[in-house]
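Chemist: Sequential numbering of the sequence shown, starting at 1, is according to the numbering used here.
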Amino acid sequence: IAGPDSAETQEQTIETALAAKEAGSTGLRGGAFKPRTSPYTFQGMGEEGLKLLRKAGDMVELPIVTEVLDVEDLDLVCEYTDMIQIGARNMQNFPFLTACAKTMKPIMLKRHYGASLRDWLGAAEYILLEGNNKLILCERGVSVPHTHRSTSRFLIDLQVVPALQEISHLPIVVDPSHATFWRPWVPSLAKACVAVGSNGLMMEVHPKPKEAAVDPLQAIDYETFGSLVIQLKEIGKACNIDVGN
Ligand code: PEP
Ligand code: MN
1 IAGPDSAETQ
11 EQTIETALAA
21 KEAGSTGLRG
31 GAFKPRTSPY
41 TFQGMGEEGL
51 KLLRKAGDMV
61 ELPIVTEVLD
71 VEDLDLVCEY
81 TDMIQIGARN
91 MQNFPFLTAC
101 AKTMKPIMLK
111 RHYGASLRDW
121 LGAAEYILLE
131 GNNKLILCER
141 GVSVPHTHRS
151 TSRFLIDLQV
161 VPALQEISHL
171 PIVVDPSHAT
181 FWRPWVPSLA
191 KACVAVGSNG
201 LMMEVHPKPK
211 EAAVDPLQAI
221 DYETFGSLVI
231 QLKEIGKACN
241 IDVGN
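(1) If you drop the 5 nearest sequence neighbours on each side, which residues of the same chain put their C-beta closer than 8 angstroms to that of R54?
(2) So, at 8 angstroms on beta carbons, what are the nonlocal neighbours of L201 in its own chain, with the 5 sequence-adjacent residues on each side left out?
(3) So F181 and L217 are in contact, right, with Cβ under 8 angstroms, and what is the actual spacing, rounded?
(4) Using DSSP with H/G/I as helix, E/B as strand and the rest coil, what is L208?
(5) For S227, which option in S6, E22 and E8 has the closest C-alpha, if you only look at C-alpha atoms?
(6) Using only CA atoms, which one of I167, A7, E67 and E234 lies nearest to R118?
(7) Opposite C138 in the DSSP bridges: which residues?
(8) The beta strand (DSSP E) spanning E47 covers which residue range?
(9) Are the CB atoms of R29 and G46 within a distance shorter than 8 angstroms?
(10) I need the boundaries of the alpha helix (DSSP H) containing Q85, first residue and last residue.
(11) Looking at C-alpha atoms only, which residue of G57, C138 and E15 is the closest neighbour of K110?
(12) On the DSSP letters alone, give me the boundaries of the beta strand (DSSP E) that V65 sits inside.
(13) For L170, tell me which candidate among I156, R36 and G197 has the shortest Cα-Cα distance.
(14) What's the call for H178, buried or exposed, on a 16-neighbour Cβ count within 10 Å?
(15) By how many angstroms is the C-alpha of V142 removed from the C-alpha of R153?
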């Protein structure tokens, strides 16, 4: 799953969707409602952003995944998206999980950066309990005292992949973009995600990564993404993992 942090322009979403599709991505991600640390920064384009993503996804025939932040926006987001992203910060917002589940849309539940596996699976259970079993989980880095870079807050938890697979049937994808928060590290960690048995990956890809409206330090460009996917498939094959086409 690849795409920009946020939908910015129609050109940007279509171009990125084309690059993602060409490289072999099976889903397009992009934000329209953004959970920003500071209220004074770009908050996403709202419905306009959803339209940009929908059009780009339709053009290249990729399903889209986008975050919904608030139950008030749920109907609107569901009109446009194929899959709902529940972000790290909402992982234990239990009435919200229930409301999202009731839409019966496929859901990607990101792990809160302070959540144990037990907390995460408890949250997943709120969704399953509504009879919505179209659920995938997404590891996106956990908070630790040392992340090896003074500007970053998270460390990728690769160990959670086999730990989850040992006790749950739910598919897990890993997001090395938010976990590393640092573009130069995304390819090597993405490779580790495949090797450790992750069922998928989600990465931020942008036409001009340094100019991305959100998360400009972590997005990778089309070229890096394309060559990375080729390597990921090789690693998948070497590890006997089904890597699709
Ligand atoms: C995102 O995927 O853009 C995002 C905000 O992720 P998280 O909820 O993991 O911080
Ligand atoms: Mn982001």
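From the three backbone atoms N, C-alpha and C, an ideal C-beta is built for every residue, glycine too.
Modeler: Reading off the structure:
(1) Locating residue 54 in the sequence shown gives position 54, counting from the first residue. So the qualifying residues of the chain are I64, Y80 and T81.
(2) The residue labelled residue 201 in the question sits at position 201 within the sequence shown. For L201, same chain residues with a beta-carbon under 8 angstroms away, outside a window of 5 residues either side, are I1, V173, V174, D175, P176, A190, C193, V194 and L232 in chain order.
(3) Numbered from its first residue, the sequence shown carries residue 181 at position 181. Numbered from its first residue, the sequence shown carries residue 217 at position 217. With a Cβ gap of about 6 angstroms, F181 and L217 count as contacting.
(4) Sequence index remark: in the sequence shown, residue 208 carries index 208 (1-based). Position check: residue 208 holds Lys in this sequence, whereas Leu was assumed. DSSP places K208 outside both helix and strand once states are collapsed to three, so it counts as coil.
(5) Within the sequence shown, the letter at position 227 stands for residue 227. Per the Cα distances, E22.
(6) Residue mapping note: residue 118 aligns to position 118 of the sequence shown, counting from 1. Answer by Cα proximity: I167.
(7) Here residue 138 refers to the residue found at position 138 of the sequence shown. The secondary-structure analysis by DSSP pairs C138 across a beta bridge with K110 and V173.
(8) On the sequence shown, residue 47 is found 47 positions in, with the first residue counted as 1. For E47, there is no enclosing beta strand (DSSP E); the enclosing alpha helix (DSSP H) covers residues E47 to V60.
(9) By 1-based counting over the sequence shown, the position of residue 46 is 46. By 1-based counting over the sequence shown, the position of residue 29 is 29. Taking the C-beta atoms as reference points, R29 is found no nearer than 8 angstroms to G46.
(10) Here residue 85 is taken as the residue at index 85 of the sequence shown, counted from 1. Run containing Q85: none in the alpha helix (DSSP H); it sits in the beta strand (DSSP E), M83 to I86.
(11) Position 110 of the sequence shown, counted from the start, is the residue given in the question as residue 110. Across the set G57, C138 and E15, the C-alpha of C138 shows the shortest separation from the C-alpha of K110.
(12) Within the sequence shown, residue 65 is the residue found at index 65, counting from 1. I64 to E67 is the span of the beta strand (DSSP E), which, as asked, contains V65.
(13) Translated into positions along the sequence shown, residue 170 becomes position 170. Of the listed residues, the one whose Cα sits closest to L170 is G197.
(14) Locating residue 178 in the sequence shown gives position 178, counting from the first residue. Note on H178: 16 or more other CB atoms within 10 angstroms of its CB, so buried under the neighbour-count rule.
(15) Your numbering for residue 153 matches position 153 in the sequence shown. Your numbering for residue 142 matches position 142 in the sequence shown. C-alpha separation (whole angstroms): 8 angstroms.
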